[in-house]
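*Asks:* One structure coming up, written as structure tokens, with questions to follow.
There are 2 protein chains.
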Amino acid sequence: MRRKLIDNPNGCTITHAMNIIGNKWTPIIIYVLGNKTYRFGELAVRTGKISRKVLANQLKEMEECGILIRRSYDETPKKVEYRLTQKGKELLPILDLICSWSEEISLQATPD
Amino acid sequence: MRRKLIDNPNGCTITHAMNIIGNKWTPIIIYVLGNKTYRFGELAVRTGKISRKVLANQLKEMEECGILIRRSYDETPKKVEYRLTQKGKELLPILDLICSWSEEISLQATPD
DNA sequence: AATACTGGTTACCAGTTGGTTACTACAAAA
DNA sequence: TTTTGTAGTAACCAACTGGTAACCAGTATT
Chain A
6 MRRKLIDNPN
16 GCTITHAMNI
26 IGNKWTPIII
36 YVLGNKTYRF
46 GELAVRTGKI
56 SRKVLANQLK
66 EMEECGILIR
76 RSYDETPKKV
86 EYRLTQKGKE
96 LLPILDLICS
106 WSEEISLQAT
116 PD
Chain B
6 MRRKLIDNPN
16 GCTITHAMNI
26 IGNKWTPIII
36 YVLGNKTYRF
46 GELAVRTGKI
56 SRKVLANQLK
66 EMEECGILIR
76 RSYDETPKKV
86 EYRLTQKGKE
96 LLPILDLICS
106 WSEEISLQAT
116 PD
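Sequence order for the protein chains is A and B. The opening position of the first sequence corresponds to residue 6 in this note's numbering, with each subsequent residue numbered one higher. The opening position of the second sequence corresponds to residue 6 in this note's numbering, with each subsequent residue numbered one higher.
Pasting the structure below:
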């Protein structure tokens, strides 16, 4: 089953964006992929403890959002590769900013 | 009841950051506050359909994260004001980037 | 014939998120 | 005395998220 998007009747842009990247695994998958190409199994290992079910769901969703490309080869055993689209790669520097913000230790004495 | 943070045993930075801003209302509250100061009731109106319970939870959580300041006045009826800290304001341009990314229409012919 | 490999899917389930409604405290105003 | 206004809190609940374990398909290997 697919993820249910949170309500966004007004088409709020930030809500829409958080619908795409604001879940447990999507940012991790984007980071792991970076400029590389990985197969399903490799992603499962490199992202950590993500379950195959959730990984499959996220990848499908990210593909629909235009964040990544799924390429399936007609081989046996199956071979499926995933890589970020240009739009997906554009998220990398933004995620970097978010990380910097989050790591930053506030040294200020005044709260504001 | 407070929000339960998602598992982050490895201390993954992006997971930590998404724990803070990756929920339905936090980015909206940050946008609504901006550089202004609002009372609880004003926030409830300006953020839209957020329930008072969830708003109270989010504000408490954001205060603990150092994103905003809660100032309570000893008056009757009660008066409580909220405003972003410097750290909270630093999120504004990042949220702008996320919005731009999300609004951007891909005009490219090639998927990558 | 059974097992392995890969990329999933299915059924089931616990925990979390966020919503609704009613309620509280306190003082002032009607 | 009842109502008004503010800032919440408490009890309850439905929906969604993500996890586990088992299973499938197709081919190749043992």
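Virtual Cβ for every residue (Gly too), placed ideally from N, Cα, C.
(1) Return helix, strand or coil for I74/A, following the three-state DSSP convention.
(2) Below 9 angstroms on C-beta distance, what does L64/A contact in chain B?
(3) Return the chain-ordered ranges of every beta strand (DSSP E) run that is complete within the stretch 56-106 of chain B and spans a minimum of 3 residues.
(4) Taking the alpha carbon of G16/A as the reference point, which residue from G53/B, Y43/B and I35/B has its own alpha carbon closest?
(5) So which residues on chain B does E108/A lean against when the C-beta distance must stay under 8 angstroms?
(6) Could you pull the DSSP bridge partners for T42/A from this structure?
(7) Kindly say whether M23/B, judged by its beta-carbon, lies nearer than 8 angstroms to any beta-carbon of chain A.
(8) Output the boundary residues of the alpha helix (DSSP H) element that contains I19/A.
(9) From I35/A to S56/B, what distance separates their C-alpha atoms?
(10) With a threshold of 8 angstroms between beta carbons, is E95/A in contact with chain B?
(11) So, for R76/B: in the same chain, excluding its five sequence neighbours on each side, which residues have a beta-carbon less than 6 angstroms away from its beta-carbon?
(12) Any Cβ of chain A within less than 8 angstroms of the Cβ of I99/B?
(13) Give me the Cα-Cα distance between A22/B and P82/A, rounded to the nearest whole angstrom.
(14) Taking 8 angstroms as the CB-CB limit, is G27/A close to chain B?
(15) What number of angstroms, rounded off, separates the C-alpha of N28/B from the C-alpha of G27/A?
*Replies:* With the structure as the only source:
(1) In the first sequence, counting from the first residue as 1, residue 74/A sits at position 69. Reduced to three states, the DSSP call for I74/A is strand.
(2) Taking the first sequence and counting its residues from 1, the one referred to as residue 64/A is at position 59. The premise fails here: L64/A is roughly 15 angstroms from chain B at the closest Cβ pair, so nothing lies under 9 angstroms.
(3) The stretch 56-106 of chain B contains these whole beta strand (DSSP E) runs: 73-78 and 84-89.
(4) In the first sequence, counting from the first residue as 1, residue 16/A sits at position 11. Of the candidates G53/B, Y43/B and I35/B, the one whose C-alpha sits nearest the C-alpha of G16/A is G53/B.
(5) Sequence index remark: in the first sequence, residue 108/A carries index 103 (1-based). Within chain B, the C-beta atoms nearer than 8 angstroms to that of E108/A come from T18, in chain order.
(6) For the purposes of this step, residue 42/A is identified with residue 37 of the first sequence, where counting begins at 1. Note: T42/A sits in a beta bridge opposite R88/A.
(7) Here the question's residue 23/B lines up with position 18 in the second sequence. With a threshold of 8 angstroms between beta carbons, M23/B makes contact with chain A.
(8) Locating residue 19/A in the first sequence gives position 14, where the first residue counts as 1. Its alpha helix (DSSP H) spans residues T18 to I26.
(9) Residue 35/A sits at position 30 when you count from the first residue of the first sequence. Residue 56/B sits at position 51 when you count from the first residue of the second sequence. Cα to Cα, the separation comes out at about 33 angstroms.
(10) In the first sequence, the residue the question calls residue 95/A occupies position 90. It does; some Cβ of chain B falls within 8 angstroms.
(11) In the second sequence, counting from the first residue as 1, residue 76/B sits at position 71. If the five residues before and after R76/B are omitted, its C-beta is found closer than 6 angstroms to the C-beta atoms of E86, all from its own chain and listed in chain order.
(12) Start at 1 with the first residue of the second sequence, and residue 99/B comes out as number 94. Interface annotation, I99/B: in contact with chain A, CB-CB separation under 8 angstroms.
(13) For the purposes of this step, residue 22/B is identified with residue 17 of the second sequence, where counting begins at 1. For the purposes of this step, residue 82/A is identified with residue 77 of the first sequence, where counting begins at 1. Put simply, the backbone Cα of A22/B is about 38 angstroms away from that of P82/A.
(14) Your numbering for residue 27/A matches position 22 in the first sequence. It does: the Cβ of G27/A has a partner Cβ on chain B nearer than 8 angstroms.
(15) Here residue 28/B refers to the residue found at position 23 of the second sequence. Here residue 27/A refers to the residue found at position 22 of the first sequence. Spanning the two alpha carbons is a distance of roughly 7 angstroms.
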